[in-house]
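Colleague: With my numbering as the guide, the letters of the sequence shown map in order to residues -7 to 244. All C-beta atoms, glycine included, are put in the ideal place defined by N, C-alpha and C. Predicted model, so just to flag it, every value in this text is computed and none were measured.
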Amino acid sequence: MSGWLCITGLGPGDLAQRTPEVTAALAAATDLVGYGPYLARVAGHPDARRHPSDNREELDRARHALTMAEAGQRVAVVSSGDAGVFAMASAIFEAIEHGPSAWRSLDIRVLPGISAMFAVAARIGAPLGHDFCAISLSDNLKSWDIVTTRLAAVATAGLVIALYNPQSRARPWQLGAAFELLRQLLPATTPVIFATAASRPEEQIRLTTLAEADPAWADMRTLVMIGTAATRIIARPDAAPFVYTPRGMSAA
Ligand code: SAH
-7 MSGWLCITGL
3 GPGDLAQRTP
13 EVTAALAAAT
23 DLVGYGPYLA
33 RVAGHPDARR
43 HPSDNREELD
53 RARHALTMAE
63 AGQRVAVVSS
73 GDAGVFAMAS
83 AIFEAIEHGP
93 SAWRSLDIRV
103 LPGISAMFAV
113 AARIGAPLGH
123 DFCAISLSDN
133 LKSWDIVTTR
143 LAAVATAGLV
153 IALYNPQSRA
163 RPWQLGAAFE
173 LLRQLLPATT
183 PVIFATAASR
193 PEEQIRLTTL
203 AEADPAWADM
213 RTLVMIGTAA
223 TRIIARPDAA
233 PFVYTPRGMS
243 AA
């Protein structure tokens, strides 16, 4: 039997936002690997073996998945959203780069998913309609200095910012510090979106301004999106407002 390894993005939550390609790979896998709560979102084949792990063991998990594929198993590694955005695909390639040469000959595919920033943008309008970037606020894998340098650079450059990993119990102050920094660089009226558990039953979306943004509205399941001076709000009488960033900007 020839094994394979699919690195799959499960999407933001709602099954309707998971690609058929990912669903098919999950059903065909003999082994499912990933962070426990993500694996819980996968039906998979009834006989599939499940290998849940802690969120911080990415490289070990990657090597384990590659070892199983090398042994002929059909392995699906799962990530939420897209597998390549702050997720397992990079860990797999890091393991391949530094691992046994046989791993380079394995059948390895990355199957994309809808990343949280796209799910959130779609729920509120088109905030990512012009130039934007994604930044993880976690300082587990990089220093806080790098986070603030990048935030200042992209805010000054006029990019919409999708902030992943804004807050956790182990990282309680970083989001407040990020808002403090951005308030010095952007207008107080800049739109800020807090979207928690987008596309899931417990979804919560809150639109506010940079002046009013309260870090307490974010947890591990929240994506925070910060607009630019160009980002617009369309009020509606009977529904939540739309937020969009125009496609063009006048040469100032
Ligand atoms: N690979 C994932 C991101 C993993 S990092 C993706 O492409 O979406 C985990 C962070 O993603 C969370 O802290 C949160 O900021 C964001 N996130 C994941 N799913 C989300 C959802 N349904 N709603 C809002 N944010 C989400």
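1) Answer with buried or exposed for residue 95, where buried requires no fewer than 16 other C-beta atoms within 10 angstroms of its C-beta.
2) Based on Cα-Cα distance, which residue from 159, 163, 126 lies nearest to residue 145?
3) If you draw a straight line from the C-alpha of residue 24 to the C-alpha of residue 167, how long is it?
4) Under the rule that 16 or more other beta-carbon atoms within 10 Å means buried, what is residue 74, buried or exposed?
5) Give the C-beta separation of residue 221 and residue 179 to the nearest angstrom, bearing in mind that I take them to be a contact with Cβ-Cβ under 8 angstroms.
6) With a threshold of 7 angstroms on Cβ separation, who are the neighbours of residue 183 within its own chain once the five nearest residues in sequence on each side are excluded?
7) Run through DSSP, which three-state label would residue 177 get?
8) Exposed or buried, residue 159, counting other C-beta atoms within 10 Å across all chains shown (16 or more means buried)?
9) Taking a contact to mean a Cβ-Cβ separation below 8 angstroms, would you say residue 216 touches residue 210 in this structure?
10) Indicate the three-state DSSP secondary structure (helix, strand or coil) for residue 165 in the structure shown.
11) Please go through the same chain and pick out, in chain order, the residues whose beta-carbon is closer than 6 angstroms to the beta-carbon of residue 7, but skip the five residues on each side of it.
12) Taking all protein chains shown into account, do 16 or more other C-beta atoms lie within 10 angstroms of the C-beta of residue 214, making it buried, or fewer, making it exposed?
13) Count the CB pairs spanning the segment 10 to 19 and the segment 97 to 115 that are closer than 8 angstroms, and state whether there are at least three.
14) Looking at the strands, I want to know which residues DSSP matches up with residue 23.
15) Below 7 angstroms, is the gap between the Cβ of residue 164 and the nearest heavy atom of the ligand SAH?
16) Between 86, 28, 34, 37, which has its C-alpha nearest residue 43's C-alpha?
17) Just to confirm before moving on: does the CB-CB distance between residue 2 and residue 45 stay below 8 angstroms?
18) Bridge partners for residue -6 per DSSP, in chain order?
19) Can you list, in chain order, the residues of its chain whose CB lies under 8 angstroms from that of residue 232, leaving out five sequence neighbours each side?
20) For the alpha helix (DSSP H) holding residue 190, just list the boundary residues, first then last.
21) Check each candidate in 193, 229, 187, 203 and name the one with the smallest Cα separation from residue 110.
22) Could you tell me the boundaries of the alpha helix (DSSP H) in which residue 85 lies?
23) How would you label residue 238, buried or exposed, when you count the other beta carbons within 10 angstroms and need 16 or more for buried?
24) Using CA atoms only, rank isn't needed, just tell me which of 193, 203, -3, 67 is closest to residue 39.
25) Run the proximity test for residue 47: is its beta-carbon closer than 7 angstroms to any non-hydrogen atom belonging to the ligand SAH?
Modeller: In terms of the structure at hand:
1) buried
2) 126
3) 33 angstroms
4) buried
5) 5 angstroms
6) 199, 201, 219, 223, 225, 235
7) coil
8) buried
9) yes
10) coil
11) none
12) buried
13) yes
14) 41, 67
15) no
16) 28
17) no
18) DSSP lists no partner for residue -6.
19) 116, 197, 199
20) Here residue 190 belongs to no alpha helix (DSSP H), and DSSP marks it neither H nor E.
21) 187
22) 80 to 90
23) exposed
24) 67
25) no
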